[in-house]
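Chemist: The listed protein sequences derive, respectively, from chains X and L.
If you count the first sequence from 1, you need to add 66 to reach my numbering.
If you count the second sequence from 1, you need to add 66 to reach my numbering.
There are 2 protein chains.
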Amino acid sequence: MDDLDRRIINELRLNGRATYAELGRQVGLSASAVHERVGKLESSGVITGYHATVDPSSIGLGVTALVGIQPSDNAEDNEVAVKLGELVEVESCWAVAGDEAFVVKVRVPTVDELERTLGRLRRIDGVARTRTTVVLSTRFEGRPNTATAE
Amino acid sequence: MDDLDRRIINELRLNGRATYAELGRQVGLSASAVHERVGKLESSGVITGYHATVDPSSIGLGVTALVGIQPSDNAEDNEVAVKLGELVEVESCWAVAGDEAFVVKVRVPTVDELERTLGRLRRIDGVARTRTTVVLSTRFEGRPNTATAE
DNA sequence: GATGCGGCGGTCCAAGTCGTCCACGCGCAG
DNA sequence: CTGCGCGTGGACGACTTGGACCGCCGCATC
Chain X
67 MDDLDRRIIN ELRLNGRATY AELGRQVGLS ASAVHERVGK LESSGVITGY
117 HATVDPSSIG LGVTALVGIQ PSDNAEDNEV AVKLGELVEV ESCWAVAGDE
167 AFVVKVRVPT VDELERTLGR LRRIDGVART RTTVVLSTRF EGRPNTATAE
Chain L
67 MDDLDRRIIN ELRLNGRATY AELGRQVGLS ASAVHERVGK LESSGVITGY
117 HATVDPSSIG LGVTALVGIQ PSDNAEDNEV AVKLGELVEV ESCWAVAGDE
167 AFVVKVRVPT VDELERTLGR LRRIDGVART RTTVVLSTRF EGRPNTATAE
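1) State whether the region 150–170 of chain L contacts the region 191–209 of chain X, with contact taken as three or more CB pairs (one from each stretch) at a distance under 8 Å.
2) Provide the residue span of the alpha helix (DSSP H) that contains glutamate 102/L, from first to last.
3) Can you give me the start and stop residues for the alpha helix (DSSP H) that valine 201/X sits inside?
4) When the cut-off is 8 Å and only beta carbons count, does aspartate 121/L lie next to chain X?
5) Would you kindly check if the distance between the Cβ of valine 154/L and the Cβ of threonine 212/X is under 8 Å?
6) Below 7 Å between beta carbons is the criterion; list the residues of the region 86–111 of chain X that meet it against any residue of chain L, in chain order.
7) Glycine 94/L to valine 100/L, Cα distance in whole Å?
8) Quick check on glycine 208/L - is its C-beta less than 8 Å from some C-beta in chain X?
9) Which residue marks the beginning of the alpha helix (DSSP H) containing valine 162/X, and which one marks its end?
10) For valine 112/L, report the span of its alpha helix (DSSP H) as first-last.
11) Within 10 Å of its beta-carbon, does lysine 106/L have 16 or more other beta-carbons around it, so buried, or fewer, so exposed?
12) For the region 71–88 of chain L against the region 113–121 of chain L, are there 3 or more C-beta pairs whose distance is under 8 Å?
13) At what residues does the alpha helix (DSSP H) containing arginine 79/L begin and finish?
14) May I have a chain-ordered list of the beta strand (DSSP E) segments no shorter than 3 residues that lie completely inside the region 160–186 of chain X?
15) What are the boundary residues of the beta strand (DSSP E) that glycine 151/L is part of?
16) Please name the residue or residues paired with threonine 119/X in a DSSP beta bridge.
17) Between which two residues does the beta strand (DSSP E) holding glycine 90/L run?
18) Go through its chain and collect everything with a Cβ distance to glutamine 92/X's Cβ below 6 Å, but skip five positions before and after it.
19) Chain X beta carbons: is any one of them nearer than 8 Å to that of alanine 128/L?
20) I need the DSSP call for isoleucine 135/X, collapsed to helix, strand or coil.
21) Under 8 Å between C-beta atoms, does valine 162/X make it to chain L?
22) Against chain L, does glycine 192/X count as a neighbour if the rule is that its beta carbon must be under 8 Å from one of theirs?
23) CA-CA distance, glutamate 38/L and aspartate 68/X?
24) I'd like the list of long-range same chain contacts for leucine 89/X, defined as Cβ closer than 7 Å, with 5 residues on each side in sequence excluded.
25) Can you give the Cα-Cα distance for aspartate 121/X and arginine 209/X, rounded to whole angstroms?
26) So glutamate 157/L contacts chain X; which residues on that side make the cut at Cβ distance below 7 Å?
27) Find the residues of chain L that neighbour leucine 187/X, judging by a C-beta separation of less than 8 Å, and give them in chain order.
28) Can you grab the Cα-Cα spacing for the pair arginine 188/L / valine 174/X, in whole Å?
29) Please report the straight-line C-alpha distance between valine 104/X and serine 124/L, rounded to a whole angstrom.
30) Going by beta-carbon coordinates alone, are glutamate 207/X and serine 98/L separated by less than 8 Å?
31) With H, G and I counted as helix, E and B as strand and the rest as coil, what does DSSP make of proline 210/X?
32) Does threonine 196/X get closer than 8 Å to chain L when you measure Cβ to Cβ?
Here it is in structure tokens:
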């Protein structure tokens, strides 16, 4: 992973649909060379995917919340994480330090649906309590951090 | 926004580099028709971008934390949010209900750097206290929620 | 109820660009 | 010298992208 790789990655983080030819122009390589480098970055697990980002409220997901998951005494973290992953409305799941086992981000259409989701979360084996923080507005999200990448 | 749009969006959320021809095959339209639909989805703000997702530790960002931002009494939220956005290590920023004004997700190379980042956060005008939750592992993140999208 | 019309949204087509593969060249280490 | 890593350039099929055209639907008119 050299400087050229970092520049390619950076470009792809900003514009995931950039063509190889375009990337080549940006970094001063032929499209073939870029193609090969990107292929290696993908197969070595540095680039894990490409995704369109969508305005959540446009697709009927206007309510976001961060939920801390307090485990019960006998909880097995990995099992709980799998169960959390089975709920489609759970978009992200972080295992954290502190008295909560996980913090998850959920995205649902309405507060009614949020209530139902919290019910589903509490019903998971190993979940003792939940602590919900409602998101009022998302100022920005998933911004590419290029601190070390360029 | 009809069912075809939703299927196209869904596909692009899973594979942001899908070609128009490919999308056309999936949904049963010509590439031209898909091209036009995607163009409209982009210009109407439903699709806000395309991004490669990168394994953070591969690019030297091995430490993640969620930080609650408690505002000082005279804080002006919008100004604080702008300042938060100026720190590249702040990847996401949500304005939340509760006694914290924001929760941000930061991504840094090391815990040393985390300490420095927390210092920078506290030095922002309008920030009284921070409450940091260190992420031990990211189980999943930014997963496309297709609950209403398909 | 027919008829005509206009716009939306699709197909088809064609020119240009791009992706993808392969042969080859260059620099370098063993 | 040889092999290897990594690049270039070329070739060809696939894709993009815009335009011409067409069918359908709703609507106003007769």
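The C-beta atom is built at its ideal place from N, Cα and C for all residues, glycine as well.
Modeler: Taking the coordinates as given:
1) Yes: at least three Cβ pairs fall under 8 Å.
2) Start and end: 97–109.
3) First-last for valine 201/X: 193–206, but that is the beta strand (DSSP E), not the alpha helix (DSSP H).
4) By this cut-off, aspartate 121/L is an interface position.
5) yes
6) Gly111
7) The straight-line gap from Cα to Cα measures roughly 9 Å.
8) yes
9) Segment 156–162 is the beta strand (DSSP E) holding valine 162/X; no alpha helix (DSSP H) there.
10) Valine 112/L -> no alpha helix (DSSP H), and no H or E assigned at all.
11) exposed
12) As far as the Cβ criterion goes, the region 71–88 of chain L touches the region 113–121 of chain L, which means the pair count is three or higher.
13) 69–80
14) 168–174
15) Counting along the chain, glycine 151/L falls outside any beta strand (DSSP E), though it belongs to the alpha helix (DSSP H) covering 143–152.
16) According to DSSP, threonine 119/X bridges with Gly115/L.
17) Here glycine 90/L belongs to no beta strand (DSSP E); instead the alpha helix (DSSP H) covers 86–93.
18) Glu77
19) Per the sequence shown, the amino acid found at residue 128/L is glycine instead of alanine. Against chain X, the CB of glycine 128/L has no partner CB under 8 Å away; the residue lies outside that interface.
20) strand
21) With 8 Å as the cut-off, valine 162/X counts as an interface residue toward chain L.
22) no
23) With chain L covering only 67 through 216, there is no way to say anything about residue 38/L.
24) Ile74, Glu77 and Val100
25) 14 Å
26) Gly208, Arg209 and Asn211
27) Contact note: leucine 187/X does not reach chain L at a C-beta cutoff of 8 Å; the least C-beta distance is about 14 Å.
28) 32 Å
29) 14 Å
30) no
31) coil
32) no
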